[in-house]
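Let me begin by presenting the structure, written as structure tokens, before commenting on it.
Number of protein chains: 2
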Amino acid sequence: MNPIQELQLRIDEAFSAIRFPSAPADLYNPITYTLGHGGKRLRPLLVLASCQMFGGDIADAINPAIGIELFHNFTLLHDDIMDEAPLRRGKETVYKKWNSNVAILAGDTMFAVANKYMLRTRPHAISPVVELFNQTAIEVCEGQQYDMDYEKQQNVSIPDYIEMIRLKTAVLLAASLKTGAIIAGAETDDCNQVYDFGINIGLAFQLKDDLLDVYGDQVKFGKVSGGDIIAGKKTYLYLKALESAGSQTGYFRELYASHNLPSTEKVTKVKELFNQLNIEQLTRLLIDDYYQKALHDLSCISLPEEAMEELSDYAAGLMEREN
Amino acid sequence: MNPIQELQLRIDEAFSAIRFPSAPADLYNPITYTLGHGGKRLRPLLVLASCQMFGGDIADAINPAIGIELFHNFTLLHDDIMDEAPLRRGKETVYKKWNSNVAILAGDTMFAVANKYMLRTRPHAISPVVELFNQTAIEVCEGQQYDMDYEKQQNVSIPDYIEMIRLKTAVLLAASLKTGAIIAGAETDDCNQVYDFGINIGLAFQLKDDLLDVYGDQVKFGKVSGGDIIAGKKTYLYLKALESAGSQTGYFRELYASHNLPSTEKVTKVKELFNQLNIEQLTRLLIDDYYQKALHDLSCISLPEEAMEELSDYAAGLMEREN
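Residue numbers (this note's numbering), protein chains in the order written: chain A, 594 to 916; chain B, 594 to 916.
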């Protein structure tokens with residue numbers, strides 16, 4: 594078992610040990626249900642890996658790691674109501690299986706429970722960790738709001754889109770890494786540097802998600818290939834294509850927004866235009882750009898290169914995934 | 594200006610000074626809107642009054658006081674979605690004026706902002722105050738769930754109802770008082786005693802709300818007289834009447850649940866039965882019972898009686914209100 598797998602095991606064990614009260618049933622059953630579907634648990638892994646890298650004891654970081662994952666799952670519960678998403682990780686969403694009210698209240702409860710977990714760490718870390726956690730929560734809400742705004746807005750610039758995914762996705766990955774660093778007692782500069790690394794990896798990660806939705810080499814678990822195209826979601830690929838669509842702009846806008854075409858036909862036609870405009874290549878270039886920035890951030894941290902090998906290998910793994 | 598009014602002024606000033614970002618507008622405008630409607634701001638007052646009573650500096654308590662009020666307003670935002678309430682404090686609710694998604698996300702943001710305010714206090718108090726705050730938040734969510742459950746459930750016992758209002762209303766008043774005490778550095782026993790005082794005052798306060806909805810001597814601002822009866826809400830008065838309705842039980846259940854009768858006719862008929870069964874008197878007895886318990890809790894606190902005069906006078910005022 595490699596060190597990352599050991600951390601993953603530790604996280605899985607911690608999650609298996611969580612028990613919620615049995616009553617009121619409609620409050621706690623949805624929480625147990627949603628946590629039971631697992632997920633990648635990337636964020637708690639980043640907390641522990643960062644804590645370990647900076648020489649901290651992961652026993653001090655495991656509860657905040659759980660707190661951040663609980664928060665992430667709470668946002669999914671509420672996002673699924675707002676996005677009217679029927680499925681999550683291949684299972685019915687809480688709002689579909691129960692109803693919106695249940696998903697609202699179970700989510701609120703998870704956020705409060707998450708905050709309690711954030712407190713269970715070394716005394717010096719409590720205040721900065723809880724401050725960072727809630728500031729990040731605010732930013733994630735801002736990101737979700739911009740995401741909803743942009744779905745209704747005809748013109749979204751690429752910088753606006755990048756800022757939206759920074760808020761919606763990257764800040765929580767960055768905060769996870771910084772939380773581990775704070776708990777380990779890392780220097781302020783290093784805490785900020787590992788945060789910046791998280792932002793850049795987070796942006797690359799989300800852009801890769803956009804890319805794989807169209808160019809992934811297999812259907813992802815619980816997701817339809819080309820799902821973003823079918824839904825007419827404004828992704829980086831769409832916005833980049835729009836930028837250089839020239840005389841085809843009107844046709845492309847209409848095609849992308851259409852809900853009348855059969856799904857496969859719509860996906861095929863949009864992909865044709867993406868291919869014409871070299872969108873896959875351009876997206877891969879931007880992803881690599883953020884990845885290189887992330888590696889640079891890592892190189893500025895005052896630790897020997899070997900100490901950071903695991904985190905950089907893990908990041909490389911995230912970048913290489915093709916599904 | 595008496596000392597309570599001075600504290601109220603301090604709280605109003607602190608709220609007036611809060612500025613939220615202007616973007617994203619659909620996230621922050623609803624927050625500014627909802628906070629602009631004021632309300633009694635009872636909870637922050639309890640934080641400051643308790644802090645002062647235990648010899649603390651209210652400058653250390655003002656931010657957590659704001660945090661608790663932000664939390665309270667967040668719960669109202671989400672409750673109004675769940676209860677489909679069109680009005681709050683005489684104004685359109687956020688979910689009606691905008692939509693549910695806006696109310697969900699603005700609420701989530703308020704909860705995160707509230708947690709940040711809870712941190713801004715003396716170092717010794719941060720961990721216990723934030724722990725108490727989020728534990729209380731969990732209990733408030735449980736209370737809301739039981740409230741919704743009981744609306745659908747035919748048989749609700751009086752102890753179940755009391756436990757529901759303890760969770761939904763009393764724990765936050767109690768936590769407000771305990772927060773002030775913790776910040777002031779009060780002894781653990783005193784912190785717990787002032788918490789118990791808050792629970793008993795909170796129960797009396799909510800039962801008084803139930804009573805005044807039917808027997809208040811004027812129409813409350815933003816509320817219709819007999820509103821609970823019209824809505825068929827299971828209040829203490831209803832459950833107590835059911836207990837002794839005897840042969841009229843079936844008729845009374847049907848009448849109370851009915852949505853076909855004109856409102857005034859329904860209110861008149863229900864009140865007739867309440868009067869027959871002496872419900873006003875019985876409710877006043879229970880309110881006084883909790884009030885006496887609250888006074889006993891206060892008498893157990895290790896402070897001279899004079900120090901507690903303001904809080905006990907304020908509680909007496911809450912008990913005497915007839916609208």
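Even for Gly, the Cβ is constructed at its ideal location relative to N, Cα and C.
{"Check": "At 8 Å on the CB atoms, spell out the chain B contacts of A:Y739, in chain order.", "Outcome": "P617"}
{"Check": "Could you name each continuous alpha helix (DSSP H) segment of 4 residues or more that falls completely within the segment 599–639 of chain A, going from the start of the chain to the end?", "Outcome": "618–628"}
{"Check": "Measuring CB atoms only, is the segment 750–769 of chain B touching the segment 853–868 of chain B, in the sense that at least three cross pairs come out at less than 8 Å?", "Outcome": "no"}
{"Check": "Quick one: which unbroken alpha helix (DSSP H) runs of 4-plus residues sit fully inside the segment 697–784 of chain A? Chain order, please.", "Outcome": "716–745, 751–758, 764–777"}
{"Check": "Pair every Cβ in the segment 781–800 of chain A with every Cβ in the segment 661–670 of chain A, then say whether three or more of these pairs are closer than 8 Å.", "Outcome": "no"}
{"Check": "Mind listing the chain A neighbours of B:T702? Cutoff is C-beta to C-beta under 9 Å, in chain order.", "Outcome": "A730, I731, C734, E735, Q738"}
{"Check": "In three-state DSSP terms, what is B:R681?", "Outcome": "strand"}
{"Check": "Check whether the Cβ of A:L620 lies closer than 9 Å to any Cβ atom in chain B.", "Outcome": "yes"}
{"Check": "Please check if any C-beta of chain A sits within less than 9 Å of the C-beta of B:E744.", "Outcome": "no"}
{"Check": "With distances taken between CB atoms, is the gap from B:D650 to B:A777 smaller than 9 Å?", "Outcome": "yes"}
{"Check": "Are any of the Cβ atoms in chain A nearer than 9 Å to that of B:I661?", "Outcome": "no"}
{"Check": "So if I threshold CB-CB distances at 8 Å, which residues from the segment 628–640 of chain B count as touching chain A?", "Outcome": "none"}
{"Check": "Using alpha carbons as the reference points, say which of A:A616, A:Q786, A:F608, A:A850 lies closest to A:T627.", "Outcome": "A:F608"}
{"Check": "Which of helix, strand or coil does DSSP assign to A:P596?", "Outcome": "helix"}
{"Check": "Does the beta carbon of B:N727 come closer than 9 Å to any beta carbon on chain A?", "Outcome": "yes"}
{"Check": "Determine the DSSP secondary structure at B:L878, reduced to helix, strand or coil.", "Outcome": "helix"}
{"Check": "Looking only at its chain, what residues have a beta carbon closer than 7 Å to the beta carbon of B:Y710, apart from the 5 residues adjacent to it on each side?", "Outcome": "N656, P657, I659, G660, L663"}
{"Check": "Between the segment 651–684 of chain A and chain B, which residues of the former have a C-beta closer than 7 Å to a C-beta of the latter?", "Outcome": "H671, I674, M675"}
{"Check": "Quick check on A:P716 - is its C-beta less than 9 Å from some C-beta in chain B?", "Outcome": "yes"}
{"Check": "Using a Cβ cut-off of 9 Å, which residues of the segment 772–786 of chain A contact any Cβ in chain B, in chain order?", "Outcome": "none"}
{"Check": "For A:V687, would you say it is in contact with chain B, using Cβ-to-Cβ distances shorter than 9 Å as the test?", "Outcome": "no"}
{"Check": "How big is the Cα-Cα spacing for B:G910 and B:A824?", "Outcome": "29 Å"}
{"Check": "Does the segment 676–694 of chain B come close enough to the segment 787–794 of chain B to have 3 or more Cβ pairs within less than 8 Å?", "Outcome": "no"}
{"Check": "Under the assumption that B:N708 contacts A:M741 (Cβ atoms under 8 Å), give the Cβ distance between them as a whole number of angstroms.", "Outcome": "Going by Cβ atoms, the distance from B:N708 to A:M741 rounds to 23 Å, so no, they are not a contact pair."}
{"Check": "Please list the partners that A:V706 has in chain B, where partner means a Cβ-to-Cβ separation under 8 Å.", "Outcome": "N727, I731"}
{"Check": "Please list, in chain order, all residues of the same chain as A:E915 whose beta carbon is under 6 Å from its beta carbon, the five residues on each side excluded.", "Outcome": "D810"}
{"Check": "Where does the unbroken alpha helix (DSSP H) through A:F664 begin, and where does it stop?", "Outcome": "655–675"}
{"Check": "Where in the segment 852–907 of chain B do unbroken runs of the alpha helix (DSSP H), each at least 4 residues long, occur, reported from the N-terminal end onward?", "Outcome": "856–869, 872–892"}
{"Check": "In this structure, does DSSP put B:K833 in helix, strand or coil?", "Outcome": "helix"}
{"Check": "Is A:G839 helix, strand or coil by DSSP?", "Outcome": "helix"}
{"Check": "Go ahead and pull the three-state DSSP assignment for A:R914.", "Outcome": "coil"}
{"Check": "In its own chain, which residues sit with a C-beta less than 6 Å from the C-beta of A:V723, not counting the 5 before and 5 after it?", "Outcome": "M711"}
{"Check": "Give me, in chain order, the residues of the same chain whose beta-carbon lies closer than 8 Å to that of A:L765; leave out the 5 immediate sequence neighbours on both sides.", "Outcome": "R636, I661, F664, H665, T729, V733, G795"}
{"Check": "Closest Cβ-Cβ distance between B:K761 and chain A: below 9 Å?", "Outcome": "no"}
{"Check": "I want to know whether the segment 748–755 of chain B touches the segment 616–625 of chain B - three or more CB-CB distances under 8 Å.", "Outcome": "no"}
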